[in-house]
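One structure is given here, and the rest of the page talks about it.
Residue numbers (full-length UniProt numbering): 1 to 142.
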């Protein structure tokens with residue numbers, strides 16, 4: 001019997017954060033309000049999700065991630081973690097932008113994505129607008 005492969009989904013575009021895991025038709029989705037704590041909470045929550053499902057990271061087939069638009073910092077956190085999994089495990093990172101609905105609905109949409117490759121390629125954010133880069137304020141000395 002072939003070993004089962006799993007898909008991990010990550011959505012960090014807003015304070016309502018979501019992760020999901022799917023194998024065949026079995027889906028587990030976890031959502032929570034993270035506010036400004038995604039960098040502290042996301043990896044431990046993913047670890048708990050994988051442990052609860054008795055899944056080692058090596059059994060992941062690919063990682064799906066919401067590309068945005070959304071919170072600048074939230075996107076960077078989700079994409080960094082998704083890309084780290086992809087790089088470390090040598091699996092694809094599949095991204096989708098402009099997902100709609102609640103965080104749970106967006107995670108469900110991510111879990112339905114398919115990978116066109118079996119190799120790692122990093123996912124890039126879709127911020128939804130050009131960056132707004134401002135000039136530094138002049139230093140004032142007393």
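Each residue gets a CB set at the ideal place from its N, CA and C atoms; glycine is no exception. Predicted model, so just to flag it, every value in this text is computed and none were measured.
query, result
"Integer-rounded CB distance, given that residue 18 should sit under 8 Å from residue 114", "About 20 Å; that fails the 8 Å criterion."
"Three-way DSSP call (helix, strand, coil) for residue 126 in this model", "coil"
"Nearest to residue 33 (by Cα), restricted to the options 42, 92, 75, 58", "42"
"DSSP state of residue 141 mapped onto helix, strand, coil", "coil"
"Rounded straight-line distance, which links the Cα of residue 55 to that of residue 63", "14 Å"
"Where the beta strand (DSSP E) containing residue 21 begins and where it ends", "16-23"
"Secondary structure of residue 1, DSSP reduced to three states", "Reliability of the predicted coordinates at residue 1 is poor, the pLDDT of 45 falling under 50, and the value obtained from them is presented with this limitation in mind. Reduced to three states, the DSSP call for residue 1 is coil."
"Per-residue burial, residue 90 [other beta carbons within 10 Å of its own, 16 or more giving buried]", "exposed"
"Option in 35, 65, 36, 16 with minimal Cα separation from residue 8", "65"
"Inter-stretch contact (C-beta, 8 Å, three-pair minimum) for the stretch 19-31 and the stretch 116-135", "no"
"Range of the contiguous alpha helix (DSSP H) that encloses residue 73", "72-89"
"Start and end residues, beta strand (DSSP E) containing residue 64", "60-68"
"Residue 57 to residue 93 span [Cα, whole Å]", "14 Å"
"Cβ-Cβ separation, residue 77 to residue 38 (assumed contact under 8 Å), whole Å", "5 Å"
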